[in-house]
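>
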Amino acid sequence: MAGSGALLRQCPLLVPQNREGTAYEGFVTAQGRDFHVRILLPMDFQLKNARIECSWHLKKILHGYRHILKQRLHSCPDLVSFMVELKTILEIALKNTQDLHIPRPPEYYSCLVRDLEILGWNKVAYVDSGLTTIMLKAEDSCGRQHLITLKLNAKYPTEPPDCLVDFPVQFAISWMPQVNSPRTCSQAKRDLKSGPLPNSLIDIYNQFLAALESLKEFWDAMDEIDGKTWVLEPENPTRSATTRRIAIGNNVSVNVEVDPRHPSMLPECYFLGADHVVNPLRIKLNNNMHLWDPEISLLQNLKDVLEIDFPSRAVLEKSDFAKDCGICYAYRLDGTTPDQVCDDPRCGQPFHQACLYEWLQGLPSSRQSFNVIFGECPYCNKPLTLKSSMKKL
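Put into structure tokens, the structure is as follows:
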């Protein structure tokens with residue numbers, strides 16, 4: 002089952018309950034403790050419609066994080082990504098649960114309310130009733146909306162809060178030690194004009210804004226790709242996603258991975274499709290990569306180097322490229338799309354890698370050498386070769 006290897010590495014105690022890969026049950030581990038969880042996915046594998054069932058103890062621990070989990074369900078491209086997010090949130094929740102018995106002094110609330118008043122309540126997207134979880138919203142210079150979730154422990158503002166952001170790079174805040182006594186609101190406003198406030202939400206928010214602008218060029222490049230080409234994967238890319246699988250033609254695409262720190266440089270490119278179609282593209286890439294110009298957009302560079310025009314969203318529909326697998330007759334299987342194509346120009350039938358592997362394994366005429374299996378196309382019987390790390394399946 003595609004993707005199950007990565008899931009096994011992240012959550013070895015979470016196992017599938019059916020062949021369709023829509024039900025998983027087991028345990029998620031955090032801080033050396035195992036918590037029972039059951040995940041039910043719809044047949045289209047859309048995480049936003051998934052149902053999560055867990056023990057009453059885990060539900061109690063994650064009670065204050067329901068909004069964050071719901072947001073992650075909507076934004077994560079697949080189950081593996083969500084489980085990584087769930088484990089991160091659970092680690093933070095456990096850390097803060099340990100702090101619940103510590104009484105929060107009046108200074109905690111006065112500092113927090115002061116910071117929120119200075120920052121402006123219009124920048125607050127969510128705050129829980131205990132004033133321990135705060136979600137702030139911001140708009141970058143291009144009008145894109147972003148969120149940062151802050152989990153404050155009982156020692157705030159002596160210790161910084163935990164920060165969760167949808168970034169392609171790590172977001173580490175700088176937390177300056179406080180040497181003065183707590184300031185009044187008017188004093189803080191005067192200090193804000195001259196520089197950032199130490200140990201304050203305002204300082205974190207300013208660092209958040211600076212990080213947004215440092216990633217502007219990366220998001221500009223990805224937004225241009227999303228807006229002007231047909232992106233096959235991920236279906237609903239998050240702001241942290243660095244890859245795009247772009248349709249080039251019928252059963253032909255290129256997967257590009259962009260470095261968020263250097264988005265104007267040549268990205269890693271991996272072509273998917275029949276050899277007689279993608280081999281000329283690989284040759285063009287190798288021959289023309291010296292033409293890459295960091296001064297023009299990434300998308301235009303790809304067009305120039307590959308000597309192609311990507312199919313226009315204004316002329317063609319996604320269904321022109323989203324062809325179903327010739328074995329399971331579905332487009333998405335466990336979050337993946339068909340990425341193997343018969344090399345015969347008269348056939349060109351696409352398949353999921355997992356489906357094709359299982360099909361070839363079942364043929365007595367197929368043979369395998371290490372991670373390469375040799376067999377025949379299920380449609381035209383043309384010999385084909387499948388390279389795969391199928392031990393992950």
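In the working numbering, the protein residues as written are 2 to 394. Glycine included, C-beta positions come from ideal geometry on N, C-alpha and C. No experiment lies behind these values; they were computed from the predicted model shown.
Mind checking whether Lys344 and Asp276 have CB atoms under 7 Å apart?
Here residue 344 refers to the residue found at position 343 of the sequence shown. Here residue 276 refers to the residue found at position 275 of the sequence shown. According to the sequence shown, residue 344 is Asp rather than Lys. For Asp344 and Asp276, yes; Cβs fall inside 7 Å.
> Using the DSSP secondary-structure output, state which residues sit across from Gln369 in a beta bridge.
For the purposes of this step, residue 369 is identified with residue 368 of the sequence shown, where counting begins at 1. DSSP output for Gln369 lists Ile374 as bridge partner(s).
> Out of curiosity, what's the CA-to-CA distance linking Ser111 and Ala155?
By one-based count along the sequence shown, residue 111 stands at place 110. By one-based count along the sequence shown, residue 155 stands at place 154. Straight-line Cα distance between these residues: approximately 13 Å.
> Classify Ser215 as buried or exposed, calling it buried when 16 or more other Cβ atoms lie within 10 Å of its own Cβ.
Position 214 of the sequence shown, counted from the start, is the residue given in the question as residue 215. Ser215 is exposed by the Cβ-count criterion.
> With 16 as the cutoff for other CB atoms within 10 Å, does Leu282 come out buried or exposed?
As a first step, residue 282 must be located in the sequence shown, where it is residue number 281. Label assigned to Leu282: buried.
> How many Å lie between Leu15 and Tyr66 at the Cα?
Here residue 15 refers to the residue found at position 14 of the sequence shown. Here residue 66 refers to the residue found at position 65 of the sequence shown. When rounded, the distance between both Cα atoms is 21 Å.
> Using the Cβ count rule (16 or more neighbours within 10 Å means buried), how would you classify Val395?
Because residue 395 is not part of the residues shown, which for the chain are 2 to 394, the question remains open.
> Can you grab the Cα-Cα spacing for the pair Glu225 / Ala242, in whole Å?
Residue numbering aside, residue 225 sits at position 224 when the sequence shown is read from its first letter. Residue numbering aside, residue 242 sits at position 241 when the sequence shown is read from its first letter. In a straight line, the C-alpha of Glu225 is about 14 Å away from that of Ala242.
> On the premise that Leu117 lies in contact with Ala126, defined as a C-beta separation below 8 Å, what is that separation, rounded to the nearest angstrom?
To locate residue 126, count along the sequence shown from 1; it is residue 125. To locate residue 117, count along the sequence shown from 1; it is residue 116. 12 Å between Cβ atoms; not a contact.
> What does the Cβ neighbour count give for Lys388, buried or exposed, with the cut at 16 atoms within 10 Å?
The residue given as residue 388 occupies position 387 in the sequence shown. Per the 10 Å Cβ criterion, exposed.
> Going by other Cβ atoms of all chains shown within 10 Å of its Cβ, with 16 needed for buried, is Glu160 buried or exposed?
In the sequence shown, counting from the first residue as 1, residue 160 sits at position 159. Classification of Glu160: exposed, given that the 10 Å Cβ count is below 16.
> How big is the Cα-Cα spacing for Glu308 and Arg245?
Locating residue 308 in the sequence shown gives position 307, counting from the first residue. Locating residue 245 in the sequence shown gives position 244, counting from the first residue. Glu308 and Arg245: Cα-Cα distance of roughly 19 Å.
> Hey, could you find the ends of the alpha helix (DSSP H) Asp224 is sitting in?
Working through the sequence shown from its first residue, we reach residue 224 at position 223. Run containing Asp224: 217–229, per the alpha helix (DSSP H) assignment.
> Please state whether DSSP places Cys329 in a helix, a strand or coil.
Taking the sequence shown and counting its residues from 1, the one referred to as residue 329 is at position 328. Coil, per DSSP.
> DSSP state of Glu234, grouped into three classes?
Start at 1 with the first residue of the sequence shown, and residue 234 comes out as number 233. Strand at Glu234.
> Going by C-alpha distance, which of Cys329, Tyr271, Lys324, Asp141 is nearest Arg20?
Your numbering for residue 20 matches position 19 in the sequence shown. Out of Cys329, Tyr271, Lys324, Asp141, Cys329 has the C-alpha closest to the C-alpha of Arg20.
> What does the Cβ neighbour count give for Pro346, buried or exposed, with the cut at 16 atoms within 10 Å?
Start at 1 with the first residue of the sequence shown, and residue 346 comes out as number 345. Burial check for Pro346: the Cβ neighbour count within 10 Å stays below 16, so the residue is exposed.
> When DSSP labels each residue in this structure, what does Thr338 get in the three-state scheme?
Numbered from 1 along the sequence shown, position 337 holds the residue referred to as residue 338. Reduced to three states, the DSSP call for Thr338 is coil.
> Let me know the secondary structure DSSP gives Asp1 once reduced to three states.
Outside the modelled stretch of the chain, which goes from 2 to 394, sits residue 1, for which no answer is possible.
> Three or more beta-carbon pairs under 8 Å between the segment 354–368 and the segment 285–294, yes or no?
The segment 354–368 vs the segment 285–294: no contact.
> Below 8 Å on the Cβ atoms is my contact criterion, and I expect Ala139 with Leu210 to pass it. Report the Cβ-Cβ distance as a whole number of Å.
The count along the sequence shown starts at 1 and reaches residue 139 at position 138. The count along the sequence shown starts at 1 and reaches residue 210 at position 209. That belief holds up - the Cβ atoms of Ala139 and Leu210 are roughly 6 Å apart, short of 8 Å.
> Considering only DSSP beta bridges, list what Asp276 is partnered with.
One-based indexing of the sequence shown puts residue 276 at position 275. None; Asp276 has no bridge partner.
> Can you tell me whether Ser142 is buried or exposed? The criterion is at least 16 other CB atoms within 10 Å of its CB, across all chains shown.
One-based indexing of the sequence shown puts residue 142 at position 141. Ser142 comes out exposed.
> So that I know if they touch, is there some Cβ in chain C lying closer than 7 Å to that of His147?
The question asks about chain C, but that chain is absent: this structure has only one protein chain.
> Give the secondary structure of Gln11 by DSSP, where H, G and I count as helix, E and B as strand, and everything else as coil.
Here residue 11 refers to the residue found at position 10 of the sequence shown. In the structure shown, Gln11 sits in a helix (DSSP, three-state: H, G or I).
> First and last residue of the alpha helix (DSSP H) that includes Ala355?
Taking the first residue of the sequence shown as 1, we reach residue 355 at position 354. Membership of Ala355 in the alpha helix (DSSP H) is indicated by the continuous run 354–362.
> Closest to Arg73 by CA distance: which of Asn382, Leu286, Leu48 is it?
In the sequence shown, counting from the first residue as 1, residue 73 sits at position 72. Residue Leu48 is the option with its Cα nearest to Arg73.
> I think Asn256 touches Val342, with their Cβ atoms under 8 Å apart; what is that distance to the nearest whole Å?
By 1-based counting over the sequence shown, the position of residue 256 is 255. By 1-based counting over the sequence shown, the position of residue 342 is 341. Actually they do not touch by this definition, with Cβ atoms about 14 Å apart.
> For Ile284, count neighbouring C-beta atoms within 10 Å of its own C-beta (all shown protein chains included) and say buried if the count is 16 or more, exposed if not.
As a working note, residue 284 is residue 283 in the sequence shown. Exposed is the call here.
> So Ile69 and Leu165 are supposed to be a Cβ contact under 8 Å. How far apart are they, rounded?
For the purposes of this step, residue 69 is taken as residue 68 along the sequence shown, with counting starting at 1. For the purposes of this step, residue 165 is taken as residue 164 along the sequence shown, with counting starting at 1. The pair is a contact, with the Cβ atoms about 7 Å apart (cut-off 8 Å).
> On a Cα-Cα basis, can you pick out the residue from Thr239, Thr23, Asp340 that is closest to Cys356?
Numbered from 1 along the sequence shown, position 355 holds the residue referred to as residue 356. Of the listed residues, the one whose Cα sits closest to Cys356 is Asp340.
> With Ile205 and Ile174 assumed to form a contact (beta carbons below 8 Å), what rounded beta-carbon distance in angstroms separates them?
The residue you call residue 205 lines up with position 204 of the sequence shown. The residue you call residue 174 lines up with position 173 of the sequence shown. That pair is a contact at about 5 Å.
> Which partner residues does Pro351 have in the DSSP bridge list?
Locating residue 351 in the sequence shown gives position 350, where the first residue counts as 1. Paired residue(s): Val342.
> Hey, how far is the Cα of Leu1 from the Cα of Leu233?
Outside the displayed range of the chain (2 to 394) lies residue 1, so it cannot be described from this structure.
> Out of Lys304, Gly131, Cys378, which one is the CA nearest neighbour of Gly327?
For the purposes of this step, residue 327 is identified with residue 326 of the sequence shown, where counting begins at 1. Distances from the CA of Gly327 to each of Lys304, Gly131, Cys378 were compared; the closest alpha carbon is that of Cys378.
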